[in-house]
Every structure is written in C-alpha cells, then in structure tokens.
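In what follows, a structure is listed as structure tokens, so that the remarks can point back to it.
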Amino acid sequence: IITDVTRAIADVLAEESGRLSLIAYYDDPLKSDLIQFRVRRSKNFKSFDVRQILKIFSIENGGGHEGAIGFRVKKSSIENLDSFVQDMILRIEQEISGISKTVKTIW
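What follows is the structure in structure tokens.
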C-alpha cells in the first residue's frame, strides 16, 4: 500500500509542479535498513531523463524509465537525510540547468 500511495503522491506532485517530484520514506526498521526514493517527471517536462539521477549518484539499487525511477539507499550510508536530499536537489537542478538555461525547477 505504501508503494502505491507514494507513486500516486509522486504523480500528483510532478504534475502540479510541472517539473519533478521527489518522495522519500523509511522502510519498516524491523524488515529493512533502507530508505526508499521515488522520482517522477511531469508528462510535459521532457527535457530531463530521470534515469540520469541514478548515474549522477552512482546508485545501483534502483531503476525505472525516462519519466520515473525508484531507488533504495541504506540508512547507515546517509548521515543526515535532510542534507542528502538537499544535495540531491542541488545536483539535479545543476543537471537540468545544463540542459536548458530556461528550465526552472520547483523544489
């Protein structure tokens, strides 16, 4: 259920922003040491292939297609989730701005 709900939220946020959405949540600590991430691109924002995020951050535990990805990171590898997400946002914005100077993100 959590996966379905996060996908739906990611869809809504991406479409409302007109750009990208990023959702993160912790797995049940009794079952996993992972943080789950979902990224989705708006249907009208074709300038950025979100699979590039996997390459930028050298993420191997994930996948998807040009418009949506999911990936997992061990909690123990992230010292501070807020800082990790802020770094992701900044680096993604840099990638997007390198594609087109007119593209603005809503993060």
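Mapping the sequence shown onto my numbering, position 39 (from 1) lands on 210, and the numbers just tick up by one.
All C-beta atoms in this analysis are idealised placements derived from N, C-alpha and C, irrespective of residue type, glycine included.
### Task
Evaluate the contact criterion for the region 228-240 versus the region 205-219: three or more CB pairs, one atom per stretch, below 8 angstroms.
Contact between the region 228-240 and the region 205-219 is present: three or more C-beta pairs spanning the two stretches fall below 8 angstroms.
### Task
Work out the CA separation of K202 and E266 for me, nearest whole Å.
Walking along the sequence shown from the start, residue 266 turns up at place 95. Walking along the sequence shown from the start, residue 202 turns up at place 31. If I take the Cα positions, the gap works out to 35 angstroms.
### Task
Could you spell out where the alpha helix (DSSP H) holding I226 opens and where it closes?
Position 55 of the sequence shown, counted from the start, is the residue given in the question as residue 226. Residue identity check: residue 226 is Lys in the sequence provided, not Ile. 223-227 is the span of the alpha helix (DSSP H), which, as asked, contains K226.
### Task
Pick helix, strand or coil for L193, following the three-state DSSP scheme.
Sequence index remark: in the sequence shown, residue 193 carries index 22 (1-based). Strand.
### Query
Taking just the CA atoms, how far does S192 sit from D182?
In the sequence shown, counting from the first residue as 1, residue 182 sits at position 11. In the sequence shown, counting from the first residue as 1, residue 192 sits at position 21. Cα to Cα, the separation comes out at about 7 angstroms.
### Query
From this set, A185, V256, Y196, which residue's C-alpha is nearest I173's C-alpha?
Taking the first residue of the sequence shown as position 1, residue 173 is located at position 2. With distances taken between CA atoms, I173 lies nearest to Y196 out of A185, V256, Y196.
### Task
Taking all protein chains shown into account, decide if V176 is buried (16 or more other Cβ within 10 angstroms of its Cβ) or exposed.
Position 5 of the sequence shown, counted from the first residue, corresponds to residue 176. Flag for V176 reads exposed.
### Task
Within its chain, find whatever has a CB closer than 8 angstroms to the CB of I249; leave out the 5 residues flanking it on each side and keep chain order.
Here the question's residue 249 lines up with position 78 in the sequence shown. Same-chain partners within the cutoff: I206, F255.
### Message
Our contact map puts K246 next to D204 with C-beta atoms below 8 angstroms; I'd like the distance itself, whole angstroms only.
### Response
Along the sequence shown, read from residue 1 onward, the residue named residue 246 stands at position 75. Along the sequence shown, read from residue 1 onward, the residue named residue 204 stands at position 33. Cβ atoms of K246 and D204 come within 8 angstroms of each other, at about 5 angstroms.
### Task
Report back the beta-carbon spacing between I230 and I263 to the nearest angstrom; my notes put them in contact at under 8 angstroms.
As a position in the sequence shown, residue 230 is number 59, starting the count at 1. As a position in the sequence shown, residue 263 is number 92, starting the count at 1. 13 angstroms between Cβ atoms; not a contact.
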